[in-house]
Every structure is written in C-alpha cells, then in structure tokens.
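Undergrad: Pasting a structure below so you can have a look.
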Amino acid sequence: MFFVLLERLRQGYNTSKYPKIEPILSPRFSGVPKITGSCDLTCKACIDVCPTEAIAKKEQSIAIDLGKCIFCDQCVPLCTHNNIQFTHEYRLASHQRSTLLVTKEVEKIGFQLNQQIQKLFKRSLQLRLVSAGGCNACEADLNVLGTPVYDLNRFGISFTASPRHADGIIITGPVTLNMKQALMDTYDALPSPKIVIASGTCAISGGLFQKSDEVCNGVDSLLPVDLYIPGCPPHPYTALNGLLQFLGRV
Amino acid sequence: MSYSTLFTCNPSWGKIEDIPSSTEELFWSNIVENVTNHNFRVLSLFATPMNNALHLVCILGNDTTSLLKISRFELINNTFQSHASIIPQIHLFEREIAEQFGVTVHDHPWLKPVRFEQDFSLHVKKNACGDLNYFQVSGEDVHEVAVGPVHAGVIEPGHFRFQCYGENVVNLEISLGYQHRGIERMLQGGPSPQTLSQMEVLAGDTTIGHSLAYVQLVEAMAGIHVSQKSELIRIVLLELERIANHVGDIGALSGDTGFLPTASYCGKLRGDFLNLTASITGNRFGRGGIIVGGVGYDIDFNLAATIAKQLKVLQSKTLSAIDLFFRSTSVLERVENIGKITKEDVITYGFVGIAAKACAIARDTRKNYPFGYYNAISYDIPLEASCDIFARAMMRRAEIVSSLELIHNMLRSIQEIAIQKPTRVNDVVLPSNALGISLTEGWRGEIVHVAQTDEHGKLVRYKITDPSFHNWTALSLAMREGQISDFPLCNKSFNLSYCGFDL
Chain A
135 MFFVLLERLR
145 QGYNTSKYPK
155 IEPILSPRFS
165 GVPKITGSCD
175 LTCKACIDVC
185 PTEAIAKKEQ
195 SIAIDLGKCI
205 FCDQCVPLCT
215 HNNIQFTHEY
225 RLASHQRSTL
235 LVTKEVEKIG
245 FQLNQQIQKL
255 FKRSLQLRLV
265 SAGGCNACEA
275 DLNVLGTPVY
285 DLNRFGISFT
295 ASPRHADGII
305 ITGPVTLNMK
315 QALMDTYDAL
325 PSPKIVIASG
335 TCAISGGLFQ
345 KSDEVCNGVD
355 SLLPVDLYIP
365 GCPPHPYTAL
375 NGLLQFLGRV
Chain B
11 MSYSTLFTCN
21 PSWGKIEDIP
31 SSTEELFWSN
41 IVENVTNHNF
51 RVLSLFATPM
61 NNALHLVCIL
71 GNDTTSLLKI
81 SRFELINNTF
91 QSHASIIPQI
101 HLFEREIAEQ
111 FGVTVHDHPW
121 LKPVRFEQDF
131 SLHVKKNACG
141 DLNYFQVSGE
151 DVHEVAVGPV
161 HAGVIEPGHF
171 RFQCYGENVV
181 NLEISLGYQH
191 RGIERMLQGG
201 PSPQTLSQME
211 VLAGDTTIGH
221 SLAYVQLVEA
231 MAGIHVSQKS
241 ELIRIVLLEL
251 ERIANHVGDI
261 GALSGDTGFL
271 PTASYCGKLR
281 GDFLNLTASI
291 TGNRFGRGGI
301 IVGGVGYDID
311 FNLAATIAKQ
321 LKVLQSKTLS
331 AIDLFFRSTS
341 VLERVENIGK
351 ITKEDVITYG
361 FVGIAAKACA
371 IARDTRKNYP
381 FGYYNAISYD
391 IPLEASCDIF
401 ARAMMRRAEI
411 VSSLELIHNM
421 LRSIQEIAIQ
431 KPTRVNDVVL
441 PSNALGISLT
451 EGWRGEIVHV
461 AQTDEHGKLV
471 RYKITDPSFH
481 NWTALSLAMR
491 EGQISDFPLC
501 NKSFNLSYCG
511 FDL
C-alpha cells in the first residue's frame with residue numbers, strides 16, 4: 135500500500151486541461167490542409183501521388199476530400215505552385231460528409247449542431263465500438279480516450295460492453311464483407327433513438343482499402359452516419375473534439 | 011541439389027530460375043529432414059504462380075547459423091500431400107494454401123478455412139465468416155462458451171469457442187478472418203503510390219515493423235543504398251514502437267488483474283512514447299516514417315537531444331510503474347504458473363517473438379537474421395524461462411529496458427553524424443522474374459515478407475507473415491486445462507494482432 139501511494143505521488147496528476155486549454159500537438163502534426171492560389175490545369179502531380187484518390191481538380195484549383203485523405207503529406211513537396219500546406223488544425227470532425235471537402239475557400243471544417251441529439255445525449259452518451267476491418271490504430275487511439283490524460287468519462291461519455299446499453303455505435307474500419315453481418319446485427323441490437331459515428335478514413339470512405347473487393351468502402355452505404363471523424367487514425371484530440379462538438383459541449 | 015542457400019543475408023533476393031525446382035517427394039523430405047535434424051524452421055510456405063503453373067515455395071531459416079534455404083516444386087493436378095502431422099508448424103500454412111488457391115491437400119488433420127477469404131483466381135468465398143465445424147466436447151457438465159466477433163472491449167473482432175468442463179477449459183478454438191481486407195491481392199501489380207501506405211496499415215500498431223520489412227526488401231531488390239543516418243533513425247522508430255506497445259500491454263495486463271494504478275500509469279506512459287514517435291513523424295504510429303531510400307523525417311541534433319531528455323524522464327516513470335505491478339502479491343497470484351505453454355510447444359508449432367522468448371528460446375530477428383543497422387551492433391536477447399503469463403510480462407519489461415538503451419545509443423550516434431540528410435526515392439524499378447525475402451523483428455515477433463515479380467518487375471505475389479499468424483495457436487494451447495476466468499489475462503499476455511493475421 136505504501137508503495138502504491140508513493141508511486142501515485144511520483145506519477146503526479148496527468149489529466150489534461152482540455153477543453154479549457156488547447157492541446158499541444160507535435161510540430162509535425164498534419165491537420166486540415168490549406169489550399170492557396172490556383173493551379174495549372176494540366177499538372178496532376180498531387181493527384182497521381184495520392185494513395186487514396188483524395189485530391190481532385192476543382193475550378194482552377196484543387197479540392198481535398200478529408201474523408202479520403204490519410205494525411206501522408208506526399209502531395210505537399212510535389213505541388214509545383216506550392217499550393218498545398220497541412221496546418222496544425224486538429225478539429226476535423228463534421229456532421230456531414232460534404233463538409234469534409236476542403237477547397238480554397240475552406241479554412242475550418244464546418245459543424246452544425248443537431249438540437250435533438252444535444253437534447254438527448256448532451257450529458258450522457260454511451261457508445262459501443264465496432265471494429266469492422268480496421269488496422270487497429272483507430273481502435274488503439276480511441277482506447278486512449280479512457281486513459282487518465284483524456285479521461286473521457288469526465289464528459290459523461292463512455293464505451294459500453296453491450297450494444298443493448300448503448301446510445302450509439304462508433305465504427306472503425308472499411309467494413310469488411312466478413313464483418314458486415316456482425317455490424318448490422320450490433321446496430322439492430324441498439325435501442326432507438328441511436329446514433330452512428332464513423333471514425334477514421336477507412337470507416338468514412340474505405341481509405342487505403344477502397345479498391346478491395348473484400349470491403350464495403352465505409353459505413354455510408356450501410357447505415358445513416360451522424361458524425362464523421364477523419365484521420366488515419368484520428369488523433370485522440372480530434373476524436374474527443376468531434377464527440378464534444380457533437381454534443382454541443384465545446 | 012534440391013535446396014539452395016541462395017539467400018545468405020537478410021534481406022536478399024534471387025532470380026526465380028535460380029531457385030531449384032524439385033519433385034514433390036524430395037521437396038517434402040528435405041523440409042522434414044532440415045526441420046527435424048538440422049534446427050531449421052519454416053519461415054514461409056506459400057503457393058504462387060510461376061511460369062504459368064502453380065508452385066509451392068518454402069523458405070527455411072536456421073536461427074543459430076542465420077542460414078536461409080529456399081526450394082519449390084510444381085503442383086501436379088492442383089493437389090499435394092499434407093505434412094502437417096509430421097511438422098505441425100506448417101498446419102496453418104497448408105490451410106492457407108488450400109483456401110487461397112483451391113488446392114486439395116490430402117490427409118491434413120483438419121482442413122478448415124483460415125480467414126474466410128476469396129479464392130485468388132476464382133474470386134469466390136466458400137463459407138460465411140465463422141461458419142465452420144468447431145471442435146466439440148460432449149458429455150455431462152460439458153458446456154460451450156462462444157465469444158465474439160464483437161467483444162466487450164474496444165478491440166478488434168474475432169470469434170472464440172471454449173469447450174468447458176465446469177470452470178475448466180478443455181479446448182479453445184479461435185476463428186478469425188473478420189478483419190480480412192484482401193491485402194495480399196491488393197498488392198499485386200505494385201509497387202504503386204499506395205503500396206507503402208498499405209504496408210503501414212497491415213497492422214496499425216506495427217506500422218514501423220511492417221513498413222520496414224517492405225522497404226528493405228524493395229531496396230535490396232532495386233539496389234538502393236540507404237544512408238547510415240537513415241538506418242539509425244529507422245532503429246529509433248522501430249524500438250519506440252516496441253516500447254510503446256510493451257508499456258501498453260503491461261498496463262492492460264494490470265487492468266485485467268484489477269490492479270488499477272499500473273493500468274492508469276502505463277496507459278498514460280504509452281501515449282507519451284507514441285507522442286515521441288509523433289515528434290519525429292507527426293503521426294503517433296509513425297506513418298510516413300519509413301520510406302523507400304531512407305526515412306520520411308529527419309532527426310536533427312536538437313530533436314535528438316530533446317528525445318533523449320524526454321526518454322530519461324519516461325524511463326524512470328515507466329520502470330517504477332511497472333515494478334509496482336510486479337511487486338503486488340495480488341497480481342503475482344494471477345500471473346504465476348498460469349497460461350503455460352512448453353518449450354516443446356514453441357519448437358513444434360514454430361512460435362515466435364515474446365511467446366518463444368518467454369520459454370527461453372532465443373528467437374529474435376535482430377540477432378538471428380540481423381537487418382539494417384543491427385548488423386553493426388551486438389544485441390543480446392533477454393530471455394525468461396517460466397513460460398507463463400508472468401514470463402511474458404517480464405519479457406516485455408526486459409525488452410523495454412533493452413530498447414531504451416538501444417535508442418539512447420542511436421541518438422548519440424545521430425548527434426555525431428548529423429550531416430547526412432535522409433533521402434527519398436520515388437521511382438522504384440524492381441528486377442523482373444525475381445523473388446526476395448525480408449525479415450524484421452516487430453514488437454510481437456518475427457515479420458516475414460516475400461515478394462515475387464513478373465517479367466515486367468511488377469509484384470505478382472506478395473506474401474506476408476505476421477508473428478500473430480503463428481502465435482494464435484499458442485494462446486489456444488495456453489488455455490488448455492486452464493480456468494476460463496484466466497482467459498482475458500492469457501489473451502493480453504500474448505496480445506496478438508487480428509488484422510495482422512487476417513490481412
């Protein structure tokens with residue numbers, strides 16, 4: 135017992151002050167991309183190098199789909215006009231798939247509050263996670279939300295063991311054919327009203343597996359999604375911020 | 011000669027025409043001879059099309075002499091005779107071949123699906139995932155417990171069937187495949203812009219281990235030189251990945267024994283190690299850290315000093331948090347003499363990584379088949395001998411200590427040679443009709459990648475063996491005669507990858 139108490143003193147207090155104080159991320163962290171200037175219509179360097187086809191031409195410039203982007207930055211050095219930069223903006227989540235499209239005009243990802251969801255779940259949200267073909271990085275960084283640093287429970291959000299006790303499901307992975315049935319069964323087991331959260335590039339668009347004939351390319355074609363959290367995997371603060379925005383808490 | 015020692019180092023490659031082709035009989039008798047009498051083990055065994063005919067290719071490795079041997083034979087009538095009863099370590103490889111290429115394997119002890127994937131050429135799934143005949147025990151007081159694929163925790167999907175007699179587990183059967191994304195087939199036709207990124211998501215927690223295996227294989231085949239500084243940074247990333255995961259695992263073990271202090275501290279400290287990786291690559295899992303020709307991000311003099319300083323602080327906090335765990339009698343009660351496998355099991359079934367090292371068997375690619383900068387340093391493999399959960403936890407502690415020391419050494423060297431800049435190679439041209447192998451030591455154990463190219467130098471087959479492929483069987487064996495309530499602890503002590511197995 136003595137050693138347990140001694141160690142508690144040594145380790146100190148670890149919970150972050152978020153959301154009162156903004157988190158400090160790695161200076162090399164890639165968040166919302168910023169597109170400046172217009173580009174040459176014939177140049178396709180960024181489009182060709184993108185592993186997930188997240189970049190497309192749009193009105194003399196380009197648009198990056200954060201639902202597909204894996205934030206690998208490979209396009210940055212290849213842009214001859216120096217038009218792409220990744221900022222440190224970690225707030226990526228959105229209520230709508232279309233708002234994840236970043237163009238020259240977009241500086242921040244839009245988020246519209248849903249009054250009904252706020253009314254029902256603002257003070258308590260129980261989630262069931264379904265891992266449906268991910269690489270375990272999304273799961274690992276969602277698990278981290280339970281550690282003392284993020285301490286998800288202080289916001290009234292927690293992960294439940296059974297779908298019967300949950301208000302919503304949070305899905306990671308592109309939804310493999312092998313996991314489709316189990317995912318749909320889990321969704322059906324949830325009592326209504328229920329919400330669906332797609333976390334990570336795979337769950338939003340299929341990500342790096344979008345060409346595979348073994349996956350469903352994300353949740354969209356199967357279930358009505360209420361919240362999209364982009365990232366490969368989403369940074370824990372991106373996920374936390376997404377959940378808090380969703381509940382109208384930040 | 012039916013066997014070639016074509017491959018002398020790790021990674022290495024050769025022309026397909028130089029791989030000796032033998033008869034089926036000779037192929038198998040050689041494997042049996044080398045495995046039973048000469049301490050070889052099967053690193054990879056797979057089917058692949060060569061010269062318009064399906065071949066079986068086997069790569070053997072000898073952990074003491076670092077020798078690699080390769081052989082092949084052409085399948086006749088799409089069938090072969092199973093040898094899993096004689097060399098049990100190939101039982102899954104044989105099942106995999108049957109599933110991927112519709113090959114008939116005669117006399118396999120129980121030819122079940124491995125990951126319920128589509129046939130490589132016919133593109134059909136024979137069974138729905140999890141739909142198979144499970145091993146069953148009958149009798150009074152015998153009952154069956156089925157768990158998954160959706161588990162109670164925030165983890166990946168898999169299905170577990172326990173045959174129980176009271177609280178005792180008679181048998182545990184593990185059925186996986188739910189995470190199957192068809193990666194091996196997706197890699198065909200590469201290298202393409204997405205190939206490296208796909209390697210990074212084979213198993214997200216082993217991003218560095220798998221991407222390094224791929225990258226060094228491609229570099230060897232294409233003859234790309236890697237600067238010494240890049241080699242050093244690669245080791246820093248690989249060892250950081252190892253530490254972060256081991257710290258997390260000890261925390262998880264602690265949580266499952268109900269000892270929450272260490273669970274909380276390790277959960278936090280694991281994040282700190284991930285953030286160190288993020289300070290190098292911007293991503294907590296090291297995405298983009300390893301690239302063909304070098305590393306994606308530089309560690310300059312200042313960053314090396316900052317990391318070294320932070321590591322010192324983390325080191326003392328981590329070790330004291332872990333020692334709290336090992337000092338608690340309520341913890342030791344739950345981990346000692348529980349979840350045992352034997353040394354013989356490791357040799358028979360070919361277990362690797364932590365599972366082998368916790369049985370005093372020195373299987374560590376960094377020493378046995380050194381790659382990259384490990385060639386220039388001497389690495390002593392820490393071992394444990396009690397083969398139980400305690401040994402596997404202690405192994406993780408020992409590896410945390412040795413990896414910390416390795417990183418400190420690398421950082422010192424980085425500061426001394428801070429001039430060479432890492433490079434990036436964008437266009438990779440692989441030799442045509444070639445086959446190469448690359449091994450790395452991920453934090454779970456040995457990772458094997460085999461690449462085969464066609465006449466245009468494009469990948470026609472890419473075979474991945476994650477350590478979990480071998481080691482899931484170890485979990486099954488560890489549960490035999492154990493209590494079902496010990497399963498979570500047993501499971502955490504191995505902490506195997508679902509997606510690394512399912513691919």
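Chains as they are written, first to last, in the working numbering: chain A, 135 to 384; chain B, 11 to 513.
Ideal Cβ positions, reconstructed from N, Cα and C, are used throughout, including at glycine.
#1: Pick helix, strand or coil for B/His256, following the three-state DSSP scheme.
#2: Which residues, in order along the segment 169–198 of chain B, keep a beta-carbon less than 7 Å from a beta-carbon of chain A?
#3: From A/Arg144 to B/Pro271, what does the alpha carbon distance come to, in whole angstroms?
#4: Go to B/Gln462, then tell me how far its beta strand (DSSP E) extends in each direction, as first and last residue.
#5: According to DSSP, is B/Arg125 helix, strand or coil?
#6: Taking a Cβ distance cut-off of 7 Å, strictly less, list which residues of the segment 156–168 of chain B are near chain A, in chain order.
#7: Does B/Pro271 have its Cβ less than 8 Å from a Cβ in chain A?
#8: Curious, which full-length alpha helix (DSSP H) runs of at least 4 residues does the segment 217–297 of chain A contain?
#9: For B/Ile122 and A/Ser296, I'd like the C-alpha separation in whole angstroms.
#10: Measure how close the beta-carbons of A/Tyr371 and A/Tyr224 come, nearest whole angstrom, since I'm counting them as under 8 Å.
#11: Starting from B/Glu321, follow the beta strand (DSSP E) in both directions and report where the run begins and ends.
#12: Please say whether B/Arg422 and B/Ala368 have beta carbons closer to each other than 8 Å?
#13: For a contact defined as C-beta to C-beta under 8 Å, what are the partners of A/Glu141 on chain B?
#14: Determine the extent of the beta strand (DSSP E) in which B/Cys174 is found, giving its start and end residues.
#15: In chain B, which residues lie with their C-beta within 7 Å of the C-beta of A/Gly387?
#16: If I'm right that B/Arg244 touches B/Gly382 with Cβ under 8 Å, what's the distance once you round it to whole angstroms?
#17: Leaving out the 5 sequence neighbours to the left and right, which residues in its chain are closer than 8 Å to B/Cys174 when beta-carbon positions are compared?
#18: Going straight from the alpha carbon of A/Leu226 to that of A/Val138, what length do you get?
#19: Taking the alpha-carbon of A/Ser355 as reference, which of A/Gln249, A/Lys154, A/Ile338 and A/Gly365 has the nearest alpha-carbon?
#20: Please name the residues in the segment 102–130 of chain B whose beta-carbon is closer than 9 Å to at least one beta-carbon of chain A, in chain order.
#21: On a Cα-Cα basis, can you pick out the residue from B/Ile364, B/Arg294, B/Thr352 and B/Met420 that is closest to B/His256?
#22: Against chain B, which members of the segment 276–303 of chain A pass a CB distance test of less than 8 Å?
#23: Quick one: is A/Asp322 buried, meaning 16 or more other Cβ sit within 10 Å of its Cβ, or exposed?
#24: What does the alpha-carbon distance come out to for the pair B/Met196 and A/Ile329?
#25: Compare the Cα-Cα distances from B/Ile317 to each of B/Gly112, B/Leu487, B/Ser413 and B/His418 and report the closest residue.
#26: Compile a chain-ordered list of the residues in the segment 147–165 of chain A whose CB is closer than 7 Å to at least one CB of chain B.
#27: Distance, Cα to Cα, B/Ser54 vs B/Ile218?
#28: Closer than 7 Å, Cβ to any Cβ of chain B: which residues of the segment 340–364 of chain A, in chain order?
#29: Alpha carbon to alpha carbon, how far is A/Ser164 from A/Ile198?
#30: What are the boundary residues of the alpha helix (DSSP H) that B/Ala232 is part of?
#31: Between the segment 241–265 of chain A and chain B, which residues of the former have CB atoms less than 9 Å from a CB of the latter, in chain order?
#32: Name the two residues that bound the continuous alpha helix (DSSP H) containing B/Ile357.
#33: Less than 8 Å between the CB atoms is what I'm expecting for B/Asn72 and B/His48, so what's the real figure, rounded?
#34: Can you find the residues in the same chain that come closer than 8 Å, C-beta to C-beta, to B/Leu487, ignoring five residues on each side of it along the sequence?
#35: Count the other CB atoms, across all protein chains shown, that sit within 10 Å of the CB of B/His190; report buried if there are 16 or more and exposed otherwise.
#36: In whole angstroms, what is the alpha-carbon distance linking B/Ala315 and A/Met135?
TA: The relevant details are as follows:
#1: Counting from 1 along the second sequence, the entry for residue 256 of chain B is found at position 246. Under the three-state reduction of DSSP, B/His256 is assigned to helix.
#2: Of all residues in the segment 169–198 of chain B, only Gly187, Tyr188, Gln189, His190, Arg191, Gly192 and Met196 place a beta-carbon less than 7 Å from a beta-carbon of chain A.
#3: Here residue 144 of chain A corresponds to residue number 10 of the first sequence, with the count starting at 1. Here residue 271 of chain B corresponds to residue number 261 of the second sequence, with the count starting at 1. Approximately 12 Å, taken between the alpha carbons.
#4: Indexing the second sequence from 1 puts residue 462 of chain B at position 452. DSSP places B/Gln462 inside the beta strand (DSSP E), whose first and last residues are Glu456 to Thr463.
#5: In the second sequence, residue 125 of chain B corresponds to position 115, counting from 1. In the structure shown, B/Arg125 sits in coil (DSSP, three-state: anything other than H, G, I, E or B).
#6: Within the segment 156–168 of chain B, contact with chain A at the beta-carbon level (separation under 7 Å) is assigned to Pro159, Val160, Ala162, Val164, Ile165, Glu166 and Pro167.
#7: Within the second sequence, residue 271 of chain B is the residue found at index 261, counting from 1. With 8 Å as the cut-off, B/Pro271 counts as an interface residue toward chain A.
#8: The segment 217–297 of chain A is shown to contain whole alpha helix (DSSP H) runs of 4 or more residues at 249–255 and 271–277, in chain order.
#9: The residue given as residue 122 of chain B occupies position 112 in the second sequence. The residue given as residue 296 of chain A occupies position 162 in the first sequence. Looking at the sequence itself, residue 122 of chain B is Lys, so the reference to Ile does not match. C-alpha separation (whole angstroms): 30 Å.
#10: Taking the first sequence and counting its residues from 1, the one referred to as residue 371 of chain A is at position 237. Taking the first sequence and counting its residues from 1, the one referred to as residue 224 of chain A is at position 90. Rounded, the Cβ-Cβ distance is 5 Å, consistent with contact.
#11: Against the second sequence, residue 321 of chain B aligns to sequence position 311. Residue identity differs from the one stated: residue 321 of chain B is Leu in this sequence, not Glu. No beta strand (DSSP E) holds B/Leu321; the alpha helix (DSSP H) holding it covers Phe311 to Arg337.
#12: For the purposes of this step, residue 368 of chain B is identified with residue 358 of the second sequence, where counting begins at 1. For the purposes of this step, residue 422 of chain B is identified with residue 412 of the second sequence, where counting begins at 1. No. Outside cutoff.
#13: Taking the first residue of the first sequence as 1, we reach residue 141 of chain A at position 7. For A/Glu141, the chain B residues whose Cβ falls inside 8 Å of its Cβ are Pro271, Tyr275, Ser330, Ala331 and Leu334, in order along the chain.
#14: Position 164 of the second sequence, counting from 1, holds the residue named residue 174 of chain B. DSSP places B/Cys174 inside the beta strand (DSSP E), whose first and last residues are His169 to Tyr175.
#15: A question about residue 387 of chain A goes unanswered here, because the residues of chain A that appear run from 135 up to 384.
#16: If you number the second sequence from 1, residue 244 of chain B lands on position 234. If you number the second sequence from 1, residue 382 of chain B lands on position 372. B/Gly382 and B/Arg244 do touch by the CB rule: their CB atoms are close to 6 Å apart, below 8 Å.
#17: Sequence index remark: in the second sequence, residue 174 of chain B carries index 164 (1-based). Within the same chain, Val152, His153, Glu154, Val155, Val180 and Ile494 come within 8 Å of B/Cys174 by CB-CB distance, once the 5 residues on both sides are set aside.
#18: What you label residue 226 of chain A is simply residue 92 of the first sequence in a count that begins at 1. What you label residue 138 of chain A is simply residue 4 of the first sequence in a count that begins at 1. Taking the Cα positions, A/Leu226 is about 39 Å away from A/Val138.
#19: Position 221 of the first sequence, counted from the first residue, corresponds to residue 355 of chain A. It is A/Ile338 whose Cα lies nearest to the Cα of A/Ser355.
#20: Going along the segment 102–130 of chain B in chain order, one finds Arg125, Phe126, Glu127 and Gln128 with a Cβ nearer than 9 Å to chain A.
#21: As a first step, residue 256 of chain B must be located in the second sequence, where it is residue number 246. Considering only B/Ile364, B/Arg294, B/Thr352 and B/Met420, the residue with the shortest C-alpha distance to B/His256 is B/Ile364.
#22: Of all residues in the segment 276–303 of chain A, Leu276, Asn277, Val278, Gly280, Thr281, Pro282, Val283, Phe293, Ala295, Ser296 and Pro297 have a Cβ within less than 8 Å of some Cβ in chain B.
#23: By one-based count along the first sequence, residue 322 of chain A stands at place 188. The residue in question, A/Asp322, is exposed, as its Cβ has fewer than 16 Cβ neighbours within 10 Å.
#24: Taking the second sequence and counting its residues from 1, one reaches residue 196 of chain B at position 186. Taking the first sequence and counting its residues from 1, one reaches residue 329 of chain A at position 195. Each residue's alpha carbon lies about 33 Å from the other.
#25: In the second sequence, the residue the question calls residue 317 of chain B occupies position 307. Comparing C-alpha distances from B/Ile317 to each of B/Gly112, B/Leu487, B/Ser413 and B/His418 shows the shortest one belongs to B/His418.
#26: Within the segment 147–165 of chain A, the qualifying residues are Asn148, Ser160, Arg162, Phe163 and Ser164.
#27: The sequence position of residue 54 of chain B within the second sequence is 44, counting from 1. The sequence position of residue 218 of chain B within the second sequence is 208, counting from 1. For B/Ser54 and B/Ile218, the distance between alpha carbons rounds to 21 Å.
#28: For chain B, the residues of the segment 340–364 of chain A that bring a beta carbon within less than 7 Å of one of its beta carbons are Leu342, Phe343, Lys345, Ser346, Asp347, Glu348 and Val349, in chain order.
#29: One-based indexing of the first sequence puts residue 164 of chain A at position 30. One-based indexing of the first sequence puts residue 198 of chain A at position 64. Straight across, the Cα-Cα distance linking A/Ser164 with A/Ile198 is about 14 Å.
#30: Position 222 of the second sequence, counting from 1, holds the residue named residue 232 of chain B. Secondary structure note for B/Ala232: its alpha helix (DSSP H) is the uninterrupted segment Thr217 to Ala232.
#31: Taking a C-beta cut-off of 9 Å against chain B, the contacting residues of the segment 241–265 of chain A are Arg262, Leu263, Val264 and Ser265, listed in chain order.
#32: Position 347 of the second sequence, counted from the start, is the residue given in the question as residue 357 of chain B. According to the DSSP assignment, B/Ile357 belongs to the alpha helix (DSSP H) that extends over Lys353 to Tyr359.
#33: The count along the second sequence starts at 1 and reaches residue 72 of chain B at position 62. The count along the second sequence starts at 1 and reaches residue 48 of chain B at position 38. About 7 Å separates the Cβ atoms of B/Asn72 and B/His48, confirming a contact at the 8 Å cut-off.
#34: Position 477 of the second sequence, counted from the first residue, corresponds to residue 487 of chain B. These residues qualify, in order along the chain: Ile351, Asp355 and Tyr359.
#35: The count along the second sequence starts at 1 and reaches residue 190 of chain B at position 180. Classification for B/His190: buried.
#36: The count along the second sequence starts at 1 and reaches residue 315 of chain B at position 305. The count along the first sequence starts at 1 and reaches residue 135 of chain A at position 1. When rounded, the separation of the alpha-carbon atoms in B/Ala315 and A/Met135 is 37 Å.
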